[in-house]
Amino acid sequence: MPLSTLLIATTTGCAIGPTNPVPAGPPASGIQQPGTEARFARLYFAGPTGPRAVSRPTDRPLSPQQALDLLLEGPTPAERQRGLISQVPPMAGQLTATATDGAVDVFVPQKVSTGDLDVTAVSQIACTAAHANVPGNKPPTQIDIRIHENNIRSQNPWTVHCGPNGNVTPVTG
30 MPLSTLLIAT TTGCAIGPTN PVPAGPPASG IQQPGTEARF ARLYFAGPTG
80 PRAVSRPTDR PLSPQQALDL LLEGPTPAER QRGLISQVPP MAGQLTATAT
130 DGAVDVFVPQ KVSTGDLDVT AVSQIACTAA HANVPGNKPP TQIDIRIHEN
180 NIRSQNPWTV HCGPNGNVTP VTG
């Protein structure tokens, strides 16, 4: 191949001509603005292999009561498509929560000790409350969740901790 043919072939490129600027569309969404803090509520639902945490974006840190209110709304359609359900049954009365330093008192309008509330439901409630905005700077796995039955403050509530896998364990001693 003569040198002149080689030069012509390499300098003509791939036959794509120059273009003007092309609009790129709207700016990216879903990306956090610089200097802002991302906030999420961590809710627990039941999945095919056990408790599963989901994160929902919020505009502020949520109290345990606000997080439980979101939990009671149930999984979103997208979460249901992933196989998540809620084992927290409809209750005759309100589920309420109050937070103190390193602890959350949860008042359940039914009995827990007799099995009226499934252990998975207890895990959903306790872990959702533990991962909310609780004063005291304790990690969620060390927050005391005190479950009071029949919406009555008990001297001996069921105290549990949320484990890293979303299951609760009783606090003894």
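In terms of my numbering, the sequence shown opens at residue 30 and continues consecutively. All residues carry an ideal CB built from backbone N, CA and C; glycine is no exception. On a predicted model such as this, the values are computed, not experimentally measured, just so you know.
| Item | Value |
| --- | --- |
| So S84 is in the beta strand (DSSP E); what residue range does that whole segment cover? | G79 to P86 |
| Go through its chain and collect everything with a Cβ distance to E108's Cβ below 8 angstroms, but skip five positions before and after it. | F74 and V83 |
| Hey, is the region 136-147 in contact with the region 95-105, meaning 3+ C-beta pairs nearer than 8 angstroms? | no |
| Straight-line CA distance for Q95 to H160? | 12 angstroms |
| DSSP three-state call for T157: helix, strand or coil? | helix |
| Going by DSSP in three states, T201 sits in which element: helix, strand or coil? | coil |
| When DSSP builds the beta bridges, which residues end up paired with D134? | T127 and R175 |
| Between S152 and S115, what straight-line distance do the alpha-carbon atoms span, to the nearest angstrom? | 11 angstroms |
| Please list the terminal residues of the continuous beta strand (DSSP E) segment that includes A70. | F69 to G76 |
| Could you give the DSSP three-state label for T170: helix, strand or coil? | helix |
| Alpha carbon to alpha carbon, what distance is there between L91 and R68? | 9 angstroms |
| I154: buried (16+ other C-beta within 10 angstroms of its C-beta) or exposed? | buried |
| Just tell me which of T201, E178, C156 and L146 has its CA closest to the CA of I172. | C156 |
| Check for me: the beta strand (DSSP E) holding T188 runs from which residue to which? | W187 to C191 |
| Checking the sheet assignment: what are the DSSP bridge partners for I114? | A75 |
| Identify the continuous alpha helix (DSSP H) that holds A96 and give its terminal residues. | P93 to L101 |
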